[in-house]
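The numbering of the sequence shown is this note's numbering, which starts it at 3 and goes up by one.
The C-beta atom is built at its ideal place from N, Cα and C for all residues, glycine as well.
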Amino acid sequence: MEKEEKNSTEQEFKGKNLEDVIIQAEHGLKLDRSKFSYEIVAEKTRLFGMKSKEIVIRAFPKKGPEDDPVAQFLDEILSLFPLDIKYKIKRKNEVVHLIFEGTDKHLLLRKDGALLMAFQHILNKISTQKVQADCEFYRKRKEKQIQEYAQHMADHVHETGREEILDMMNPYERRIVHIAINQIPGITTESIGEGFLKRIKISTSKNQVT
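Below, the structure is given as structure tokens:
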């Protein structure tokens with residue numbers, strides 16, 4: 003299951019089966035099971051004359067909006083606009099996956115997702131975990147578009163031997179370009195400029211200063 007961020011109130015519980023252990027966790031944490039998350043620490047079979055199974059879980063309270071800087075910021079900022087924009091937060095592998103929904107969600111995707119990326123940039127400044135914002139599978143479509151563009155420009159550089167400098171890109175876009183092109187033998191990339199938006203220079207390896 004996806005893990006919520008843990009805190010100092012986490013506890014371990016043991017039992018014969020998962021349901022038994024969850025009931026113990028409800029009593030131990032004094033919370034309904036919908037109010038806490040858990041992860042299975044161990045699941046083993048013991049032999050004491052006859053087989054017996056033991057499951058160990060680590061349980062911890064789920065974070066509420068008042069404890070979560072991402073949810074707190076979004077609740078405050080979205081309450082200021084008369085728009086139907088909602089969100090879901092999922093945590094997996096130390097990454098906060100933020101998914102926007104609602105009838106007005108299309109506004110986030112105007113001007114090539116400028117507002118969506120602005121939310122992501124701000125939230126990464128206030129969150130202790132990496133935040134990835136998405137809406138209507140924007141990230142997947144955007145990644146494919148940038149990868150195809152990067153491949154096209156890399157082919158052009160390979161054919162002509164002349165370097166190319168791309169338009170300004172944010173860190174998310176630049177990362178996609180670097181990954182896509184660095185897999186192509188003989189072609190290399192370099193970010194140039196200062197600040198949030200930078201350009202990427204694509205050149206052949208022989209043009210690099212050693």
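- Its Cα nearest to that of Ile-189, the residue Glu-166 stands out among Ile-128, Glu-196, Glu-166.
- The beta-carbon distance between Val-159 and Ser-207, rounded to whole angstroms, is 11 Å. This is too long to meet the 8 Å contact definition.
- According to the DSSP secondary-structure assignment, Ile-124 is paired through a beta bridge with no residue.
- Secondary structure of Gly-115 (DSSP, three-state): helix.
- With a cut-off of 8 Å on Cβ pairs, the region 136-147 is in contact with the region 100-109, counting three or more such pairs.
- Going by DSSP, Ile-87 is part of no beta strand (DSSP E) at all; its letter is neither H nor E.
- A straight line joining the alpha-carbon of Glu-28 with that of Leu-76 spans about 30 Å.
- By the C-beta density criterion, Thr-130 is exposed, having fewer than 16 other C-beta atoms within 10 angstroms.
- Considering only Val-179, Thr-162, Lys-18, the residue with the shortest C-alpha distance to Ile-148 is Val-179.
- Look at Asp-77 here: in three-state DSSP terms it is helix.
- Counting only runs of at least 3 residues, the region 128-166 fully encloses the following beta strand (DSSP E) elements, listed from N- to C-terminal order: 132-136.
- Look at Glu-192 here: in three-state DSSP terms it is strand.
- Boundaries of the beta strand (DSSP E) around Gly-17: 13-17.
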